[in-house]
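Residue numbers (my numbering), protein chains in the order written: chain Y, 302 to 517; chain F, 1361 to 1565.
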């Protein structure tokens, strides 16, 4: 279900995304046309949610750190209207999981940054176990999405932006099945994390290896 | 937020700290210069010399190989202590976030920041922001560690949350330092290796 505000911001922010980056998108056909799904992505920049959500035709409820909602009145008004789910990072947050599961029950998409935060160094970090558990509990198709180039455009350690080429790649949906019990989820945790990591790395492709300069 | 938050220590010679401003850092010891330009990180081995593309992942890996934040925190006698000035705030409440009458989640409200000092040693973290905003907690009693671009949050016992916004230090240095000290404390206590630091500290067994 697409709300009016969400539809409005998707169009408006897509144009802002085009101003901020030179964005290429591939694999959009992998996003299910209907029914619930989970979209998992790497997270290198504050630009990621803007580019992923505006290039996805379905409504995606993305987890966002709760402190962003409290940053100022504008964010507090804006974030719920773009379907952001506040997630407290300093404790296990069952309410954010409930909100996500409700969105899936309604047939919407839910977006998860598996690393739980923006990468400092632009490389894929370890995945949060709670995110994998949610995927295993939900049992819906999981669409991997890799965004490259946003780290060069705007990494987390600077306020300055650079307009660079960004590539958003959606991959084929993965199916993990429903794991009803905690025991089943725990035993499937590591294999699922490995599969998701491989899917994201495959979308990322080879990154050129840069030898450390020696001055020779 | 600046490049020095990422590159707080020289990736070339290990000198700590780096000097820096905005999107550039330089080492007073070996003279390398790193700057962000055209969206890339460029390194010069000497000022004005040829520039090389380097990746942030390489910088971080080399900083870790030099010992990360531990070397500077270690004294000559082998004890460990490190401190920094910070604006320190505590969680005062949580507010519900609703949209169209439906609860979506909760957001923490932090109290007004007070100037203070945070100090760590091998076993404890000490917070001093004056008056009742002072305390000391064992690393083993911390609930979670999480860093944002400009601050570090620690979950304390009794459902307390404290946030440090460092005045002249790197949140990434502090995140790495806290994680290493907590991992070390858990291993010394025989509790196993820490595999996750947020939303709660989890060990491998």
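The beta carbon of each residue, even a glycine, is placed where N, CA and C say it ideally should be.
| Query | Result |
| --- | --- |
| Residue 500 of chain Y in three-state terms, based on DSSP | helix |
| Secondary structure, beta strand (DSSP E): runs of 3+ residues fully inside the stretch 1409-1447 of chain F | 1411-1414 |
| Same chain only: Cβ atoms within 8 Å of residue 517 of chain Y, ignoring 5 sequence neighbours per side | Unreliable positioning characterises residue 517 of chain Y in this predicted model, as indicated by a pLDDT of 43, which lies under 50. A coordinate reading is not provided. |
| Runs of alpha helix (DSSP H) lying entirely within the stretch 397-447 of chain Y, each at least 4 residues, in chain order | 430-439 |
| Distance CB(residue 449 of chain Y)-CB(residue 468 of chain Y) smaller than 7 Å | yes |
| Beta bridge counterpart(s) of residue 324 of chain Y as assigned by DSSP | Y:467 |
| CA nearest to the CA of residue 1548 of chain F, picked from F:1483, F:1534, F:1507, F:1529 | F:1483 |
| Three-way DSSP call (helix, strand, coil) for residue 517 of chain Y in this model | Bear in mind that the predicted position of residue 517 of chain Y carries a pLDDT of just 43, short of 50, making it unreliable; the figure below should be weighed with that in mind. Coil at residue 517 of chain Y, not helix or strand. |
| Residue 1455 of chain F, DSSP secondary structure in three states | strand |
| Proximity test, Cβ basis, 7 Å: residue 488 of chain Y and chain F | no |
| Beta-carbon gap between residue 445 of chain Y and residue 501 of chain Y smaller than 7 Å | yes |
| Bridge partner(s) assigned by DSSP for residue 1475 of chain F | F:1447 |
| Buried or exposed (CB count within 10 angstroms, at least 16 for buried), residue 508 of chain Y | exposed |
| Between the CA atoms of residue 1537 of chain F and residue 1475 of chain F - distance to the nearest angstrom | 21 Å |
| Proximity of residue 393 of chain Y and residue 401 of chain Y at Cβ, strictly below 7 Å | no |
| Endpoints, the beta strand (DSSP E) within which residue 1402 of chain F is located | 1400-1404 |
| C-beta contact flag for residue 1515 of chain F and residue 391 of chain Y at 7 Å | yes |
| Secondary structure of residue 1392 of chain F, DSSP reduced to three states | coil |
| Short-range partners of chain Y found in the stretch 1363-1390 of chain F, where Cβ spacing is below 9 Å | 1363, 1364, 1365, 1366, 1367, 1371, 1372, 1382, 1383 |
| Straight-line Cα distance separating residue 1489 of chain F from residue 1477 of chain F | 6 Å |
| Residue 442 of chain Y classed as buried or exposed, judged by whether at least 16 other C-beta atoms fall within 10 angstroms | buried |
| C-beta neighbour in chain Y for residue 1557 of chain F, strict 7 Å | no |
| Within chain F, partners of residue 361 of chain Y - CB distance below 9 Å | Chain F residues near residue 361 of chain Y: none, gap ~14 Å exceeds 9 Å. |
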